[in-house]
């Protein structure tokens, strides 16, 4: 099993001139440590206008800094929002390729469409259209990377023959993923040969069904790129501490803060009646899982907080369900002091990560 | 921590209705119609209208809602409401600034049972092929004229409503106490249309919503549905964050 970290870059009110500066540089320090400790991925989301919850509107800039300050860890640019009012597909291809060059071929690109009216409305994007534009983008972007010159006559965008430059360092191109939140998106991912980037922290049981669907469909897929990226990643909270009670309490505070801030946003499902957004997205799954109790009366057995033994037990469940990678949210709105975040990462890398090296599966 | 409302509870409380007998049984409203318009609004106006218990949505929003109920325990009525989009802790809610009802009997029952700040006024809801229009006239003065333009059929499952909160005086331990009365309306939607939200006229002061400006249309829906207003189950202390001040009835 692989492990990654991911950043929403959240910062609480009241904001000071230092808030965002500190947030960005503390997050970079976490990425540097994750690289040293052997984590596989650092992901950074693209969000716009999401007060407190995510101040990460230029993830490619943050990830370029990550790439420059690390040696081995892969940089996950995603999800990028595949909506014309927010990103032209050529700009996504260009920025991603530049990031792949800067990182010497360590880029993964995650695609998606945004789940909030806060973002889509801010750009006057039509929620009815986002599934369609995403689908067109994921077909076009790999071609922009692989063809010397590219032209497109499409529904959501058209462009005459142009060389989309630079080209990525990885050949034929970096791995492609899609965020799986809405029901059925795991099938979309599989049919297109895309990695499934789990953004909902649903229960293992919920996930198992999605994984089964994904694995069944991807066997006969028609990939949008030059190869199939048959991988499933889940996301989770991480707070690891020698003392289980301390780990659980701090982890629950982290999860609670994340869920609280997320719920303040205006989901597309809430604001705009459309078949295109059948679920509320992240929020209900997050809240329900974080609020659940495990068999021992502690946190849900699927949440990776507590001491190393408890976290290993949770990860074994995900491993058994077929998840290839778990990406961890380390902090939210500075709930956990930086030194504790770094200590949690170190302890996880020392006590838990080695147990999931190749051949250690139980 | 997200922003909290800054409503002056002392001043607003003086005008708040008295919920004489909170509903202890469910209200069934079969064959109802619901017009729901959502707008983005100015930030400052929203904050000043929300009690300190509540967070504004991001971005700030308001809902204009008109319900026609041909049957209810209080008889037929048409009810118009202005709601400020908010969160009670992590939960999606609409805070009702004021309501108007075309039936005096229903207005009294909605005030007593659910804490609506409900006035009696002329409330019309008209369905046409090109629009669904609502108009509220109070004392000969139009205080709301709004519509859903260009209706197009959508799936009943595509529509979702949030629960509401009414600020009212209720009896707690034998004392009149200012509380937010939560109405967890349920709906079984049979048909639904979506269209463009339009406001021709909105008298913010008449809706106890000074400063509220529904200026950026988000969505409009019109549904036929069987509604239920269940008995009141939760109250919220308007002065405390909802995650600390929510009480079971």
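Residue numbers (the working numbering), protein chains in the order written: chain G, 1 to 362; chain W, 1 to 249.
For glycine and all other residues, C-beta sits at the position ideal for the given N, C-alpha and C.
None of the values given here were measured: they were computed from a predicted structure.
Asked                                                                                                                                                                   : Found
Considering only C-alpha positions, which residue in the set 171(W), 21(W), 9(W), 54(W) is nearest to residue 245(W)?                                                   : 54(W)
Starting from residue 258(G), follow the alpha helix (DSSP H) in both directions and report where the run begins and ends.                                              : 244–263
Return the first residue and the last residue of the beta strand (DSSP E) that residue 88(W) is part of.                                                                : 77–88
Tell me, to the nearest whole angstrom, how far the beta carbon of residue 107(G) is from that of residue 75(G); I am working on the premise that it is less than 8 Å.  : 6 Å
Taking only beta carbons into account, state which residues of the segment 134–164 of chain W come closer than 8 Å to chain G, listed in chain order.                   : 154, 155, 157, 158, 159, 160, 162
Leaving out the 5 sequence neighbours to the left and right, which residues in its chain are closer than 6 Å to residue 109(W) when beta-carbon positions are compared? : 74
Should residue 353(G) be flagged as near chain W, meaning a C-beta pair shorter than 9 Å?                                                                               : no
Which bits of chain G does residue 52(W) rub up against, with CB to CB less than 9 Å?                                                                                   : In chain order: nothing, as chain G lies at least about 15 Å away.
How many angstroms separate the CA atom of residue 226(G) from the CA atom of residue 169(G)?                                                                           : 15 Å
Let me know the alpha helix (DSSP H) ranges lying completely inside the segment 16–57 of chain G, each 4 residues or longer, listed in chain order.                     : 19–37
Counting only C-beta atoms, is residue 259(G) closer than 9 Å to chain W at any point?                                                                                  : yes
Considering only their Cβ atoms, is the gap separating residue 87(W) from residue 51(W) smaller than 9 Å?                                                               : no
Counting only Cβ pairs nearer than 9 Å, list the residues of chain W close to residue 125(G).                                                                           : What residue 125(G) touches in chain W: nothing, since even the nearest Cβ is about 12 Å away.
Where does residue 218(G) fall in DSSP's three states?                                                                                                                  : helix
Quick check: the Cα distance between residue 165(W) and residue 15(W), rounded to an integer number of angstroms?                                                       : 16 Å
At a CB distance below 7 Å, what residues from the segment 262–277 of chain G approach chain W? Give them in sequence order.                                            : 263, 264, 265, 266, 269, 270, 271, 272, 273, 274, 275
Taking 9 Å as the CB-CB cut-off, is residue 42(W) touching chain G?                                                                                                     : no
How is residue 148(G) classed by DSSP in three states: helix, strand or coil?                                                                                           : coil
Using 8 Å for Cβ pairs, my map puts residue 174(G) next to residue 109(G). What's the rounded Cβ distance?                                                              : 5 Å
How many angstroms separate the CA atom of residue 324(G) from the CA atom of residue 92(G)?                                                                            : 26 Å
By the DSSP assignment, the beta strand (DSSP E) with residue 169(W) in it spans what residues?                                                                         : 163–172
Quick one, which residues of the segment 88–115 of chain G are near chain W if we go by CB-CB under 8 Å, in chain order?                                                : none
Quick check: the Cα distance between residue 243(G) and residue 47(W), rounded to an integer number of angstroms?                                                       : 42 Å
Between residue 183(W) and chain G, is any beta-carbon pair separated by less than 9 Å?                                                                                 : no
Which same chain residues, not among the five before or five after residue 331(G), have their C-beta less than 6 Å away from its C-beta?                                : 341
Can you look up residue 71(W) in the DSSP assignment and give me helix, strand or coil?                                                                                 : coil
For residue 160(G), name the three-state secondary structure that DSSP assigns.                                                                                         : strand
Is it the case that the Cβ atoms of residue 3(W) and residue 212(W) are separated by a distance below 9 Å?                                                              : no
Taking the CB atoms as reference points, tell me whether residue 231(W) and residue 24(W) lie closer together than 9 Å.                                                 : yes
According to a CB-to-CB cut-off of less than 9 Å, which residues of the segment 40–54 of chain G neighbour chain W?                                                     : 49, 50, 51, 52, 53
For residue 198(G), is the classification buried or exposed, using 16 other Cβ atoms within 10 angstroms of its Cβ as the cut-off for buried?                           : buried
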